[in-house]
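Visitor: Under the UniProt record's numbering, read the sequence shown as residues 1 to 490, first letter to last.
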Amino acid sequence: MATVIDRDEETLLVSDESPILQSPKTKSHTKDVHILSLAFLLIFLAYGAAQNLQSTLNTEEDLGTTSLGILYLSFTFFSVIASLVVRNLGSKNALIIGTSGYCLYVAANLKPNWYTLVPASLYLGFCASIIWVGQGTYLTSTARSHATDYELHEGAVIGNFNGEFWAVYALHQFIGNLITFALLSDGQAGSTNGTTLLFIVFLFVMSFGAILMCFLSKRAGNSKGENELLGADAGLYASLKSLSRSLTSALSDVRMLLIIPLIAYSGLQQAFVWAEFTKYVVTPAIGVSGVGSSMAAYGAFDGICSLVAGRLTSGLTTITSIVSFGAFVQAIVLVLLLLNFSITSGWLGTLYILLLAALLGIGDGVLMTQLNALLGMLFKHDTVANSCHYAHYSSYSFHSLFLRLPLLLSYCKYLLVHPFLHLNFPNTPGRGICTTKDMAKCYDCYCVLFSSARLIPGRGCDYACFTMLGIWQFSMASSQGGEVITILHQ
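1) Please confirm whether residue 306 and residue 156 have their CB atoms less than 8 Å apart.
2) Take the Cβ of residue 166 as the centre, count every other Cβ of all protein chains shown within 10 Å, and call the residue buried at 16 or more, exposed below.
3) Go ahead and pull the three-state DSSP assignment for residue 20.
4) Return the first residue and the last residue of the alpha helix (DSSP H) that residue 112 is part of.
5) Grouping DSSP H, G and I as helix and E and B as strand, with all else coil, what is residue 174?
6) Counting pairs of Cβ atoms below 8 Å between the region 48-64 and the region 287-302, do you hit three or more?
7) Do the region 206-219 and the region 85-105 make contact, defined as three or more Cβ pairs closer than 8 Å?
8) In this structure, does DSSP put residue 313 in helix, strand or coil?
9) Take residue 258 as the anchor and find which of 30, 374, 101, 123 has the nearest alpha-carbon.
10) Can you give the Cα-Cα distance for residue 206 and residue 302, rounded to whole angstroms?
11) Of all the CB atoms in chain B, is at least one closer than 8 Å to the CB of residue 257?
12) State whether the region 85-93 contacts the region 129-142, with contact taken as three or more CB pairs (one from each stretch) at a distance under 8 Å.
13) Please identify the residue among 173, 265, 256 whose C-alpha is closest to the C-alpha of residue 323.
14) Assuming the contact rule is C-beta atoms closer than 8 Å, residue 491 and residue 64 should be a hit. Round their C-beta distance to whole Å, please.
15) So, does the region 357-370 touch the region 316-332, judging by three or more C-beta pairs under 8 Å?
16) Can you name, in chain order, every residue of its own chain whose Cβ lies under 6 Å from the Cβ of residue 300, other than the five neighbours on each side?
17) Which value, in whole angstroms, describes the spacing of the CA atoms of residue 315 and residue 346?
18) Restricting to Cα atoms, I'd like to know which of 82, 100, 114 is closest to residue 68.
19) Alpha carbon to alpha carbon, how far is residue 139 from residue 376? Give it in angstroms, no decimals.
20) Which runs of the alpha helix (DSSP H), 4 residues or longer, sit entirely within the region 94-163?
21) Check for me: the alpha helix (DSSP H) holding residue 340 runs from which residue to which?
22) To the nearest whole angstrom, what separates the beta carbons of residue 146 and residue 30, a pair I think is in contact under 8 Å?
23) Quick check on the DSSP output: what are the complete beta strand (DSSP E) runs of length 3 or more inside the region 17-76, in order along the chain?
24) By a C-beta neighbour count over all protein chains shown, 10 Å radius and 16 as the cutoff for buried, is residue 271 buried or exposed?
25) Do residue 118 and residue 81 have their CB atoms nearer than 8 Å?
26) Looking at C-alpha atoms only, which residue of 122, 161, 124 is the closest neighbour of residue 137?
27) Determine whether the beta carbon atoms of residue 91 and residue 134 lie at a separation below 8 Å.
28) Apart from the five residues on each side of it in sequence, which residues of its chain come closer than 6 Å, Cβ to Cβ, to residue 202?
29) Rounded to whole angstroms, what's the CA-CA distance from residue 274 to residue 378? Just pull it up for me.
30) Report yes if the C-beta distance between residue 164 and residue 33 is below 8 Å; otherwise report no.
31) Could you pull the start and end residues of the alpha helix (DSSP H) that residue 198 belongs to?
32) Distance check for residue 148 and residue 158, CA to CA, integer angstroms please.
33) Taking a contact to mean a Cβ-Cβ separation below 8 Å, would you say residue 269 touches residue 363 in this structure?
34) So what's residue 279 in DSSP terms, helix, strand or just coil?
35) Tell me the DSSP secondary structure of residue 79 in three-state form.
36) With residue 290 and residue 353 assumed to form a contact (beta carbons below 8 Å), what rounded beta-carbon distance in angstroms separates them?
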């Protein structure tokens, strides 16, 4: 009897102590999410603001936009092998090493030229690939461990952890651009007095973020993972073979093929906001200093929607509904921009730009949270490879917008303009110099223009000069003879 009582008491003691013994390990999961989120916030509030300013500050020979294109081209290339690097380094070490590229890129902006920004962009492409693959692997592994320890629904935990991470991460746009708005107060691109101070402040902030990465817990599944075939000590051939098998197996899955367009769109819409929206919508309307305030609004709504969307995530049905809502919100903005709708009356014009930025932030917050949660739910067998797929197709979209899309558009513009060269030149004396987008009436005809139109009266025969993005030069005789119409690349 005494033995039975002793055993019962021992059982009670063990059961009472077991939560206490497990609680430190369980708490470390949420602690790691907090640390990871805060570290990314500090790093990307600096980098994100610097990226937003590339197309407006470094305008000489289009250095800023070109450096971003090179960055994401490098990102696209290295993301193919990023899973191999992360598996061998471990996701924590990959995160720490990845921060160095962001610090170097911001430092290069202290003296921006082709010899500083281009090498920094190439190296950052490598660092970005491993830091994002490492982030996806680490966060998903942490969520699964937390769900196992607490016996919770795995999908809900993945959604909550992604919601918290992306909500905190999205605040980098809000905080970073508020700092930008405060320091770049004169609004003159290329001559702002606070530019050097801004990037020095960003370097200090980034350093704290890099230090925080060192406090992340090392996880047993970081380098090998569940069902990952590649060991840290495997030979190069075996490593490459395992990598190719992981990547091709995911591409043979119909679910991944259906998700890839969403991933590509997610990257494309972010690149549009950071490069095109800030340069062609925000800056002409409210100036360079307005880039900070508009992107702050973008980041604030991005963060709020990330947190809310993460809390609402429970399965495929909720993900579908939430993504549909985000797509509808962004479609509203794109339609307004396509119709060239604008408000130019004082503070209402500023409010309208902030509203557009906020709506874009809502769509981005929804997409980022839900796509990462969806990948974590559907592809449990290899988190590293699927994080690699996300990084690859997202970065390819960035590269397409920054480098390849302008070339594609130049061909489209050529095809559109060429018929008008033969049909729409006026017979009225004077010359029309066309330098604006949209449709414009030039004398008695309509022309498709790609940058603002102004009419300069002149003597003699009339002719029109079209400024367009392209690499062609050709001429056409004037309607009155003797004159030629020349289209030059500018």
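Where a beta carbon is used, it is the ideal one built from N, C-alpha and C, also for glycine.
Guide: This is what the structure gives:
1) no
2) buried
3) Any answer about residue 20 is weak, because its pLDDT of 38 lies below 50 and its placement is not dependable; what the coordinates show is given next. Residue state, collapsed to three classes: helix.
4) Counting along the chain, no alpha helix (DSSP H) covers residue 112, and no H or E run does either.
5) helix
6) yes
7) yes
8) coil
9) 374
10) 21 Å
11) Here there is only one protein chain, and chain B is not present.
12) yes
13) 265
14) Past the boundaries of the shown model lies residue 491; the chain is included only from 1 to 490, so the question cannot be answered.
15) yes
16) 174
17) 45 Å
18) 114
19) 9 Å
20) 114-150
21) Segment: none, residue 340 is in no alpha helix (DSSP H) and carries neither H nor E.
22) 7 Å
23) none
24) The residue in question, residue 271, is buried, as its Cβ has 16 or more Cβ neighbours within 10 Å.
25) Going by C-beta atoms, residue 118 is not nearer than 8 Å to residue 81.
26) 161
27) yes
28) 46, 106
29) 30 Å
30) yes
31) 195-213
32) 12 Å
33) yes
34) Residue 279: helix per DSSP, three-state reduction.
35) helix
36) 7 Å
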